[in-house]
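Notes follow the structure.
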Amino acid sequence: MESLKYSLSELPVWHGVSNKHRPIVKKPFVISLEDSGYIKQVSEPEQGEFLVTEYEDDGYNWITPPPGASEWANRLGDIYFDYFAEKVGKVIEGKNIIEIGAGSLYISNKIIDTFSINSYLIVDPGIRHTANRDQIKIVKEYYNDDLNLEDKIDICICLNALEHVFNPGEIVKKLSVDLSENGEAVLVFPGIEKQFKNGDFNALLHEHVNYFTKESCDQIFTKSGFDILDFDEREDTYYYHLRKNNTTPSEESFNLEYTGNLFSESIEIFEKNLAFFSEQVGNLLKEDKKIIFHGATNGLNNLLGICGFDNHANIEVIDGDVYKHGKFISANNKEIKGPQSYKTLDFDVVIISAMSFYEPIQKALVEDFNIDSNKIKTIYPLS
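Right, here's the structure in full:
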């Protein structure tokens, strides 16, 4: 298949929300369908160095706060824990656990509080915590072939890390070596099928090096010596439960047909949605309409920055996550407000920008805040 690429000459760098407004920074962004089976960011080499430097810096600002950092992050952490407990709860007693890319001690503490385990190894170069339980050991390094573990691991949990690493296939192969016989793994990470089908700019950010479909993941895992015991997809997130088998990792080429077709079609949709956003918002601002965007998201930051609507006086941003209130996205110099501000702000239109949660947001706007449904729009056309 001919190499497929999608390029943006300037994409705002997403730093998450910040306590102080940070001037918008734009860098080139290129993703390509790779022979290794998935869509990968292939921007300039300096971009990779930039990501490593950012993540290892003690002042790194999480683009998505890890569990333990906010009420919303804890909600997601509890969902991840419940899936983990459901899948490996019957086999976890007395086992050695590894968590790759933890970000915090929230998950480790819940697992230790719930189950009687032998040891818990956290491998994360950017974690800022120190071990608070006898079972926990923290290694502030990247999980790759340079890291030699002293003992075999029985169970792995890896949450929202595979999208950030430069060689996910090699990481999964290493995991199959480090796990004990019939060892199990629970992996959670973004799945891009729905977002790419919808041309959702929330999916595109410099810190995400890899973009996975189920087709690409299934092949990566099975070719690396794993059986897939369970798969689930929720709110643009993949949940996998794997078990190590006795097969040798395969070097066979990947079937790229589905992922290639999806990527090819998505490129056109991304461009259409960019034009739609530019026209819709541009026309509203020309008419001096006051706009509230619901969802302080990376996608909103991307579109405001690309289209030149950053820091516009007629734009406000609201988000349901208390952690974000009073903070800023780089493309808007006004504080992010909570939903109660609908009662006090003067506005003409609400545009939902957190499209992964479109239905519950739309329902809450109408039922909880009595907003006329004709005033509610979407950041891109619903398919």
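No gaps in the numbering here: position 212 of the sequence shown is 211 in numbering that gives the first Met the number 0, and each next residue is one more. Here a beta-carbon is modelled for each residue, glycine too, at the ideal position from N, C-alpha and C. Computed from a predicted model, the values in this text were never measured in an experiment.
| said: Checking the sheet assignment: what are the DSSP bridge partners for F188? | reply: Y237
| field | C-alpha distance - K342 paired with K336, whole-angstrom precision | value | 12 Å
| Can I156 and I106 be called in contact, C-beta distance under 8 Å? | yes
| Is it right to say D144 is buried, meaning 16 or more other beta carbons lie within 10 angstroms of its own, or is it exposed? | exposed
| Close beta carbons around E183, own chain, < 8 Å, minus the five adjacent residues each side | K86, V87, V90, D153, I154, C155, L228, H240, L241, R242 and K243
| Inter-residue CB distance, S265 and F327 (contact presumed, cutoff 8 Å) | Not confirmed; about 30 Å, so no contact.
| task | Look at G36 and I219 and say whether their C-beta atoms are less than 8 Å apart. | result | yes
| Using the rule of at least 16 other Cβ atoms within 10 Å of the residue's Cβ for burial, across every protein chain shown, is E162 buried or exposed? | buried
| message | Under DSSP, the alpha helix (DSSP H) around Q339 begins and ends at which residues? | response | Unbroken run through Q339: none, as it is neither H nor E.
| query | Cα-Cα, which of G294, H205 and G198 is closest to A274? | reply | G198
| query | Along the chain, which unbroken stretches of the beta strand (DSSP E) at least 3 residues long are found entirely within the region 270-321? | reply | 290-293 and 314-317
| query | Just curious, the beta strand (DSSP E) that T377 is in, first and last residue? | reply | I375 to T377
| message | In the DSSP output, what is C155 paired with across the bridge? | response | I97 and A184
| message | With a threshold of 8 Å between beta-carbons, can Y141 be considered close to chain C, or not? | response | The structure shown contains no chain C; it holds only a single protein chain.
| message | Considering just the uninterrupted stretch of the beta strand (DSSP E) at F114, what are its terminal residues? | response | Looking at the DSSP string, F114 is not in any beta strand (DSSP E), and its letter there is neither H nor E.
| task | Please classify L261: does DSSP put it in a helix, a strand, or coil? | result | helix
| request: Determine, using beta-carbon pairs with one atom in the region 133-148 and one in the region 112-121, whether at least three such pairs fall under 8 Å. | output: yes
| field | Range covered by the beta strand (DSSP E) that runs through S8 | value | K4 to P11
| Where does I402 fall in DSSP's three states? | The question about residue 402 has no answer, for the chain in this structure spans 0 to 382.
| query | What is the rounded straight-line gap between the Cα of I305 and the Cα of S115? | reply | 51 Å
| field | DSSP state of K136 mapped onto helix, strand, coil | value | strand
| request: Report yes if the C-beta distance between W13 and H311 is below 8 Å; otherwise report no. | output: no
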